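**Q**
Protein chains: 2
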Amino acid sequence: MSNSLEKPNKCVDAVDRVLAAAENLFATCGYDAVSISAIAEKADVSKANIFHHFQSKRQLYVSVLKAAAAHSHKLLMGLEETESGFTDRLLELTRGQLGNYLSHPEKSKLLMREVLENTSDDEIQLLKDDFARNFSRVVSLIKKGQAAGELRSTVDPALVTTTILASNIFYFRTRHHLLELSEVNFASDPDTYISGMMDLLLNGMVNH
Amino acid sequence: MSNSLEKPNKCVDAVDRVLAAAENLFATCGYDAVSISAIAEKADVSKANIFHHFQSKRQLYVSVLKAAAAHSHKLLMGLEETESGFTDRLLELTRGQLGNYLSHPEKSKLLMREVLENTSDDEIQLLKDDFARNFSRVVSLIKKGQAAGELRSTVDPALVTTTILASNIFYFRTRHHLLELSEVNFASDPDTYISGMMDLLLNGMVNH
DNA sequence: GTCTATACAGGGATAGAC
DNA sequence: GTCTATCCCTGTATAGAC
């Protein structure tokens, strides 16, 4: 019982410890830079034990990826869509998405790597499907906003969606570097960033 | 002479062939996934020859990186700043930046990898300095636009810059995936994308 | 400068005892 | 399920001939 606070936590299954260690290492170092030995050491199991539970390094990686994808899918489905106006719904959706990235940085990094690189592996097609669904969700929200007359019909919904997604991912991945830029004061405050970005996207930067 | 069209081109120095092969492989596969053997084969030299010209794999990588940074720096400095209004200058700067990415995809991928990951290696500090300079350049352009009253003073110049940079990088890196999304019709046409994005950032999406 | 041959470490993966 | 011991391959890097 007193061991339950140790790291690695021996109270959880070895398999789960391996998955956790692998997720952590793959996320921070990338697939090739991580060795089975490193994962074994971090999870406090033997190399052979890993190969007992997972066919190969690649298959372990895919397992980690699928778990992350499932987790991310649940989070996305859980994002509340308030019944207020379209702009507020879009704001909340965007804020929620970035919040998910920031609360689960390792899973997010893992998934982004796969979506950003073009590995075109059949096993991870479901990641892209998830990405596409998420994309469509925002697109249709914007289309509804246009149909309701709240949003300009001359902007391309897919382009707006791309810009939002790009901003969120870029902010998440480069926050550390942005902190070092003297002009940037929103690097440590995601809420400020989201508010500012949405104001920009909604109202534009031109003086009318 | 008739050999001058072969691949790899034996008419160029072995060192240059190695650098070219390394750039290509590092850009597409990442540092860890590339072996000296693979570079040697692609450059049509022996492994030992590579180690004769470069102290280590890491040092070869840094050499490739520095060459790419120098090249990119020249391109950036060459970006014309037209003497028209601020919005036009911003549009041209943005278009030029994305154009540079697309014309030199391998160098761009290499540099982006280093800026997006946080390796914090002293040897590549110059990459970050370059990035910061480029960032500041856009920021000050926007500030001038605000001072001139052409742009709203309530938007954060650094935030606009971040959004533009994010959009360009994201577009460059995910164009392939965007092609598969039925809602997206700008994936194969960078000019359309840039025009749409800048219209969005300048005028916003709200119906006024 | 370029090669062949080789040293040596570490990688993924397996065998077999417990 | 978990381990120790081991296999074989590939990786980086070096030695030394040409």
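The listed protein sequences derive, respectively, from chains W and Y.
Start counting the first sequence at 346; every next residue gets the next number (our numbering).
Start counting the second sequence at 346; every next residue gets the next number (our numbering).
Heads up, the beta-carbon is just placed ideally off N, CA and C, and yes, glycines get one too.
If you're wondering where the values come from, they're calculated on a predicted model, not measured in any experiment.
#1: Quick check on the burial criterion: 16 or more other C-beta atoms within 10 angstroms. Buried or exposed for A393 of chain Y?
#2: Examine the Cβ distances between the stretch 359-378 of chain Y and the stretch 540-550 of chain W and report whether three or more of them are shorter than 8 Å.
#3: Measuring alpha carbon to alpha carbon, tell me which of Y:D501, Y:D534, Y:S382 and Y:E528 ends up nearest A532 of chain W.
#4: Measure the Cβ-Cβ separation of S417 of chain Y and L456 of chain Y and say whether it is below 8 Å.
#5: Which residue or residues does DSSP assign as beta-bridge partners of D496 of chain Y?
#6: List, from N- to C-terminal side, the alpha helix (DSSP H) runs of 4 residues or more that fit wholly inside the stretch 430-457 of chain Y.
#7: Give the residues from the stretch 489-511 of chain W that approach chain Y closer than 9 Å (Cβ to any Cβ), ordered along the chain.
#8: Nearest to Q491 of chain W by CA position, among W:S453, W:F431, W:I469 and W:A413, is which residue?
#9: Measuring only between beta-carbons, confirm whether I395 of chain W sits less than 8 Å from chain Y.
#10: For L546 of chain Y, collect the residues of the same chain with a Cβ closer than 8 Å to its Cβ; drop the 5 residues on either side in sequence, then sort them by chain order.
#11: In angstroms with no decimal places, state the Cα-to-Cα distance between A378 of chain Y and D377 of chain W.
#12: Taking only three categories from DSSP, how would you classify F480 of chain Y?
#13: Below 8 Å, can you find three or more Cβ-Cβ pairs linking the stretch 512-530 of chain Y to the stretch 480-490 of chain W?
#14: Output needed in chain order: residues of the stretch 388-419 of chain Y with a Cβ under 7 Å from some Cβ in chain W.
#15: Rank Y:R497, Y:E525, Y:V460 and Y:R520 by C-alpha distance to the C-alpha of Q470 of chain W and give the top, closest one.
#16: Are the C-beta of H522 of chain Y and some C-beta of chain W separated by less than 8 Å?
#17: Return the first residue and the last residue of the alpha helix (DSSP H) that C374 of chain W is part of.
#18: Can you find a C-beta in chain W that's less than 8 Å from the C-beta of K452 of chain Y?
#19: Under DSSP, the alpha helix (DSSP H) around V505 of chain W begins and ends at which residues?
#20: Kindly say whether S448 of chain W, judged by its beta-carbon, lies nearer than 8 Å to any beta-carbon of chain Y.
#21: So, at 6 Å on beta carbons, what are the nonlocal neighbours of T537 of chain W in its own chain, with the 5 sequence-adjacent residues on each side left out?
#22: On a CA-only basis, which of W:E437, W:D474 and W:S391 is nearest S382 of chain W? Give me that one, please.
#23: Is F396 of chain Y helix, strand or coil when you go by DSSP?
#24: Please list, in chain order, all residues of the same chain as I384 of chain Y whose beta carbon is under 7 Å from its beta carbon, the five residues on each side excluded.
#25: By the criterion of Cβ-Cβ separation under 8 Å, what are the contact partners of I514 of chain Y in chain W?
#26: If you reduce the DSSP assignment to three classes, tell me which class L421 of chain W lands in.
#27: Is any beta-carbon of chain Y found at less than 8 Å from that of E528 of chain W?
#28: In three-state terms, what does DSSP make of L526 of chain W?
#29: 8 Å is my cut-off, CB to CB: does M550 of chain W come that close to chain Y?
#30: Quick check: what's the CA-CA separation for L420 of chain Y versus P535 of chain W?
#31: When you compare the CB of A372 of chain Y with every CB in chain W, is at least one pair closer than 8 Å?
#32: Alpha carbons only, please: which of Y:I514, Y:S401, Y:D466 and Y:H397 is nearest the one belonging to G444 of chain Y?
#33: Taking C-beta pairs closer than 8 Å, name the residues in chain W that G375 of chain Y reaches, listed in chain order.
#34: Which bits of chain W does M542 of chain Y rub up against, with CB to CB less than 7 Å?
#35: Does DSSP put T537 of chain W in a helix, in a strand, or in coil?
#36: Taking C-alpha atoms, which residue in Y:K452, Y:N548 and Y:H521 lies nearest to K411 of chain Y?
**A** Based on what the coordinates show:
#1: Taking all protein chains in view, the Cβ of A393 of chain Y is surrounded by fewer than 16 other Cβ atoms within 10 Å, so the residue is classified as exposed.
#2: No: the two stretches stay apart, fewer than three of their Cβ pairs being nearer than 8 Å.
#3: In this structure, Y:D501 is the residue among Y:D501, Y:D534, Y:S382 and Y:E528 with its C-alpha nearest to the C-alpha of A532 of chain W.
#4: Taking a C-beta distance under 8 Å as the contact criterion, S417 of chain Y and L456 of chain Y qualify as a contact pair.
#5: Residue identity check: residue 496 of chain Y is Leu in the sequence provided, not Asp. Bridge partners of L496 of chain Y: W:V551.
#6: Scanning the stretch 430-457 of chain Y from its first residue to its last, the whole alpha helix (DSSP H) runs of 4-plus residues come out as 431-448.
#7: So the list reads G490, Q491, G494, E495, L496, R497, S498, T499, V500, D501, P502, A503, L504, V505, T506, T507, T508, L510 and A511, given in the order they occur along the chain.
#8: If we check each option's Cα against that of Q491 of chain W, W:F431 comes out closest.
#9: Not closer than 8 Å to any Cβ of chain Y, the Cβ of I395 of chain W fails to qualify, so no.
#10: Excluding positions up to five away in sequence, the list reads V505, T508 and I509.
#11: So the alpha carbons of these two residues sit roughly 6 Å apart.
#12: Correct three-state label for F480 of chain Y: helix.
#13: Flag = yes, the stretch 512-530 of chain Y and the stretch 480-490 of chain W touch.
#14: Hits within the stretch: zero.
#15: Shortest Cα-Cα distance from Q470 of chain W to any of Y:R497, Y:E525, Y:V460 and Y:R520 involves Y:E525.
#16: So, interface residue.
#17: Residues A359 to C374.
#18: Contact of K452 of chain Y with chain W is not assigned, every C-beta pair being separated by 8 Å or more.
#19: Segment P502 to L523, the alpha helix (DSSP H) holding V505 of chain W.
#20: It does not; no Cβ of chain Y falls within 8 Å.
#21: These residues qualify, in order along the chain: F531.
#22: Per the Cα distances, W:S391.
#23: Three-state result, F396 of chain Y: helix.
#24: The beta carbon of I384 of chain Y sits closer than 7 Å to the beta carbons of V363, A366, A367, L370 and I395 from its chain, once the five residues preceding and following it are set aside; these are given in chain order.
#25: Chain W residues near I514 of chain Y: A511 and F515.
#26: Helix, per DSSP.
#27: Output row for E528 of chain W: interface = yes.
#28: Coil at L526 of chain W, not helix or strand.
#29: Closer than 8 Å to some Cβ of chain Y, the Cβ of M550 of chain W qualifies, so yes.
#30: Distance between the alpha carbons of L420 of chain Y and P535 of chain W is about 33 Å.
#31: Chain W, which has no Cβ nearer than 8 Å to the Cβ of A372 of chain Y, makes this no.
#32: Considering only alpha carbons, the answer is Y:I514.
#33: Those within 8 Å of G375 of chain Y in chain W are G375 and D377.
#34: Under the 7 Å cutoff, chain W gives L504 and T508.
#35: When secondary structure is reduced to three states using DSSP, T537 of chain W falls in the helix class.
#36: Comparing C-alpha distances from K411 of chain Y to each of Y:K452, Y:N548 and Y:H521 shows the shortest one belongs to Y:K452.
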